[in-house]
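K.L.:
Taken in order, these protein sequences are the chains called V and X. If you count by my numbering, then the first sequence holds residues 38 to 290, one letter each, in order. If you count by my numbering, then the second sequence holds residues -1 to 644, one letter each, in order.
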Amino acid sequence: MADKILKQIKVKVWRQKGPKTKGKFETYIVNDISTGTSFLEMMDILNDNLIREGKEPIAFDHDCREGICGVCSLYVNGRPHGPDDDVTTCQLHMRKFKDGETITIEPYRSKAFPIIKDLIVERNAFDRILQAGGYISINTGGVPDGNAIPVSYDDAEAAMDAASCIGCGACVAACKNASAMLFVSAKVSHLARLPQGKVEAARRAKSMVAKMDELGFGNCTNTGACEAECPKGISISNIAKLNREYLCAKIKD
Amino acid sequence: MTKIKTHIPEGPLADKWTKHKADLKVVSPANKRKLDIIVVGTGLAGASAASSFAEMGYNVLNFCYQDSPRRAHSIAAQGGINAAKNYQNDNDSVYRLFYDTIKGGDYRSREANVFRLAEVSGSIIDQSVAQGVPFAREYGGLLANRSFGGVLVSRTFYARGQTGQQLLLGAYGSLNRQVASGQVKMYYRHEMLDLVMIDGKARGIIVRDLATGEIKRFGAHAVVLATGGYGNVFFLSTNAMGSNGSAVWQAYKKGAYMSNPAFVQIHPTCIPVHGDQQSKLTLMSESLRNDGRVWVPKDKDTVEKLRKGTVKASQVPEEDRDYYLERRYPSYGNLVPRDVASRAAKERCDAGFGVNETGKAVFLDFKDAINRLGRHVVEARYGNLFQMYEKITDVNPYEEPMMIYPAIHYTMGGLWVDYNMMTNIPGLYAIGEANFSDHGANRLGASALMQGLADGYFVIPYTIGDYLADEIQVPRIDTNHKAFEETESAIKAKLEKLKNTKGKTPVDYFHKELGRIMWDKVGMSRNEKELKEAVEEIKKLEKEFWADVRIPGDLNELNQEIEKALRLADFFEMGELMALDALERNESCGGHFREESKTEEGEALRDDKNGAYVSAWEYKGEDADPEMNVEKLEFEFVTPTQRSYK
């Protein structure tokens, strides 16, 4: 727990004024950072310095800062969410870096996630995929008692594993094809594993996959990079489940 | 006093809601199509209300400042959601949930509202299950429960330590379905900056598109605020960085009453502050107190050794440990309500028994639970929380106890609403954490999720019809009306003023300073002298802010500094009102502890003769003091007693 002080680090950051302007890397120096400081707190300190020097701070997405909202999205030293496993960028701490190190920070790069400014990208494509069918079609009210739909312990756990996805987009950023298969499969298999969700499982799989293709995400070639970089440990076996659901639906057509 | 009209129906407690529903006006399907509703916020309350309205046939415009509705801060709620299902056969009931909530809130909430909350709680579970929320299950396939603070039954439903996330994703799914159907128009990265009123009614909002900086107008027949709490007044809190009180505050400045702003919940189990570079505090779920035991050393010698690191917590023998919650509150032990647990931790730390370098931490120890249940059981219950703790602190909580300290977590205060969830401004509603209504002076664990969804799924869809039934002749709101013009000009002038201050100091500096004043003087323990000092210090800081803040970049682009500056400008004013409200309330109750009002043993002392009221603050203009109206709390069905968890 004993925190040390990193005397100096260099931060090489992608700067881009707007969606249509050309971006480039800039390098900044940050001094005296405690290893107990979070990565985004280091960014806060850098921004504080920049503002005091009369420069523009670096725009980056962040909100809950406890690894659950899924909005933080940086590509740090070549990895989405940086050099630690099973964490989001906001949970990454400076103890993972060395004194004097140069840290490279980029936005997620994918055709489906256009850059708005600096490190902020637009991930609305994920919302649109879910709007295509990532739900159970029921209205408020008129539903049976909670215990009227028994769910086996294992199914509930498997559904929960898949439902843990935070929609951060690291899977897309990690994939050489910029495929959204892990994201789509997590929702499809979460719902398909529950009796409530089975009713429209076929329709759901087809329409979500069609929307994913339409929005410019790439194909899955089973490299497994998505699973390796997912901060929530979403398993690639969900993709197999999606393929099964999708195939079954197509065969029935 | 005559200004306050609660619209609580007469009759026996258990019949009030049923009777009221029968009396509410209903809008026909053909007319619903002609009516527009604005919902601001997409957390549990906002998403559930927006999707429910749309399913009923209203046209809904839904706004969130985040890039997606799924990121609203309800997503971060961990431990669970209460419901009076009595699935455990432990003699739970609607009445018991009502009673626990009223008592837990230290008798500072309305009986009728709290009873209704308990009454609809079961339907929330049914709804969520039907949406595919993967609640924890027993091997027989039925729903599992656990206990939470301040109660003696097991009525909390949960999805690992991610209950808020799963409930929100359920509501977000329903919302997505309505967005796809076109019944909800969703506006992402859009922040409400002001409320527009026409002829005394709420008729629209002015928003800023955060991605482009464009200022836009939206009109509707009713406006629903589901914008959460104002805990970020304190800078350091468990709230998301963007959580803010600005929508609520603009409504207040347009005439809506603000109730009980001093009632803030301080959560006992958060990861302690590590240093002055900290931006945010992380909660460790209250569910951990089911199996974790809270302690500090009995003697200061051990405290010193722990602080120096010459001895590890796990090496401190049993006889040298003071399990102070079990000692002081034998019947509830580690599961006392949050306010009680927080004050007890502060008391030990103030007495010099705090265990980390700063002296502001106590232990939460799982040694006994791991010995009793086995590590795999503890891991199944709390694995994700333990992982989160280790990532942040670099300490393995399976081997060494967690260190925790209280932090700002939730605001019980909020906009005043009547029984229909309408503020005193016709057509303006407030639901979820944004209103004041159900938690009194202290919220029980796992009740925020319950309230947000109760309001959104099962209360406001009924009550809003009563107002809208009289609006069916009103054509679509014209945003060229001069009220929109004027409100927009005022907003633009405020933005320009901030931008043109051309000072030297970043927004965050002022926010941290405000947080320091609030935590020291309007925090866990309050007294008249310091509250008065706080008001003066906030005013001084606010002046400095308006003279010396620096906003880089342009207004017509994505600009995170102007976003923060706008929110902070409101936080100064809110902080001041919180201090005023705390000054007016001379008693101690729930999370509000006045040092002048305590028992000989140091416990909070309530004053029912003078304190059984809800404050309803009325804005009187920039240079005038606000006026405190009062809603008297009547207890017809329960008798307030001094709360005891001993």
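Glycine included, every Cβ here is placed at the ideal spot set by N, Cα and C. On a predicted model such as this, the values are computed, not experimentally measured, just so you know.
Name the residues in the segment 161 to 181 of chain X whose C-beta lies less than 7 Å from a C-beta of chain V; which are they?
P.N.:
Q163, Q164, L167, G171, S172, N174, R175, V177 and A178
K.L.:
Tell me whether V209 of chain V sits in a helix, a strand or coil according to DSSP, three-state version.
P.N.:
helix
K.L.:
If you run the structure through DSSP and keep just helix, strand and coil, what is G255 of chain V?
P.N.:
strand
K.L.:
Does DSSP put S216 of chain V in a helix, a strand or coil?
P.N.:
Reduced to three states, the DSSP call for S216 of chain V is strand.
K.L.:
Please check if any C-beta of chain X sits within less than 8 Å of the C-beta of R89 of chain V.
P.N.:
yes
K.L.:
With 9 Å as the C-beta to C-beta threshold (strictly closer), list the residues of the segment 127 to 156 of chain V near chain X in chain order.
P.N.:
Those would be C127, Q128, L129, H130, R132, I153, K154 and D155, in chain order.
K.L.:
Would you kindly work out how many angstroms separate the C-alpha atoms of L77 of chain V and L129 of chain V, rounded to a whole number?
P.N.:
8 Å
K.L.:
With 7 Å as the C-beta to C-beta threshold (strictly closer), list the residues of the segment 191 to 209 of chain V near chain X in chain order.
P.N.:
A193, A196, M197, A200, S201 and G204
K.L.:
Helix, strand or coil for R474 of chain X per DSSP?
P.N.:
coil
K.L.:
Go to Q45 of chain V, then tell me how far its beta strand (DSSP E) extends in each direction, as first and last residue.
P.N.:
The continuous beta strand (DSSP E) containing Q45 of chain V extends over residues I42 to R52.
K.L.:
Using C-beta distances below 7 Å, list every residue in its chain close to Y611 of chain X, excluding the 5 sequence neighbours before and after it, in chain order.
P.N.:
V628, E629, K630 and L631
K.L.:
Please list, in chain order, the chain V residues whose beta carbon lies closer than 8 Å to that of M386 of chain X.
P.N.:
E103, G104 and Q128
K.L.:
Does the Cβ of H5 of chain X have 16 or more other Cβ atoms within 10 Å, making it buried, or fewer, making it exposed?
P.N.:
exposed
K.L.:
What residues of chain V sit near A157 of chain X, judged by a beta carbon separation below 7 Å?
P.N.:
Going along chain V in sequence order, the residues near A157 of chain X (Cβ under 7 Å) are M197.
K.L.:
Helix, strand or coil: how does DSSP classify H227 of chain V here?
P.N.:
Helix, per DSSP.
K.L.:
CB of K596 of chain X to nearest heavy atom of the ligand NAD: below 7 Å?
P.N.:
The ligand NAD is absent from the structure shown, which contains no ligand whatsoever.
K.L.:
Just reading off the beta strand (DSSP E) that R206 of chain X is part of, what are its end residues?
P.N.:
K199 to D207
K.L.:
For R68 of chain X, would you say it is in contact with chain V, using Cβ-to-Cβ distances shorter than 8 Å as the test?
P.N.:
For R68 of chain X, the closest Cβ of chain V is nearer than 8 Å.
K.L.:
From this set, V:L231, V:C205 and V:Q53, which residue's C-alpha is nearest L219 of chain V's C-alpha?
P.N.:
V:C205
K.L.:
Residue range of the beta strand (DSSP E) that W293 of chain X falls in?
P.N.:
Where W293 of chain X is concerned, the enclosing beta strand (DSSP E) stretches over R291 to P295.
K.L.:
Output the boundary residues of the alpha helix (DSSP H) element that contains H509 of chain X.
P.N.:
V505 to K519
K.L.:
Within 8 Å (strictly less), CB to CB, does L83 of chain V reach chain X?
P.N.:
no
K.L.:
Who pairs with A428 of chain X in a beta bridge, going by DSSP?
P.N.:
Partner(s): X:L223.
K.L.:
Which residue spans inside the segment 59 to 124 of chain X form an unbroken beta strand (DSSP E) run of at least 3?
P.N.:
none
K.L.:
Between D98 of chain V and chain X, is any beta-carbon pair separated by less than 8 Å?
P.N.:
yes
K.L.:
Could you check which residue in X:Y330, X:D546, X:V292 and X:V24 has the C-alpha nearest to that of T461 of chain X?
P.N.:
If we check each option's Cα against that of T461 of chain X, X:V24 comes out closest.
K.L.:
Indicate the three-state DSSP secondary structure (helix, strand or coil) for C106 of chain V in the structure shown.
P.N.:
coil
K.L.:
Run through DSSP, which three-state label would N627 of chain X get?
P.N.:
strand
K.L.:
Please tell me whether I153 of chain V and P94 of chain V are closer than 8 Å, where the distance is taken between their beta carbons.
P.N.:
no
K.L.:
With distances taken Cα to Cα, identify the nearest neighbour of D136 of chain V among V:L111, V:V188 and V:I70.
P.N.:
V:I70
K.L.:
Starting from R160 of chain V, find everything on chain B with Cβ-Cβ shorter than 8 Å and list it in chain order.
P.N.:
Looking for chain B here will not work: the only protein chains present are V and X.
K.L.:
Name the chain V residues that come within less than 7 Å of L141 of chain X, Cβ to Cβ?
P.N.:
G183 and N184
K.L.:
Can you say whether D197 of chain X is buried or exposed, counting buried as having 16 or more other CB atoms within 10 angstroms of its CB?
P.N.:
exposed
K.L.:
Within the same chain, show all residues whose beta-carbon is closer than 7 Å to that of M38 of chain V, passing over the 5 residues directly before and after it, in chain order.
P.N.:
Unreliable positioning characterises M38 of chain V in this predicted model, as indicated by a pLDDT of 49, which lies under 50. A coordinate reading is not provided.
K.L.:
Can you pull the DSSP bridge partners for K596 of chain X?
P.N.:
X:A602
K.L.:
For Q275 of chain X, decide whether its Cβ has a neighbour in chain V, counting only Cβ atoms nearer than 8 Å.
P.N.:
yes
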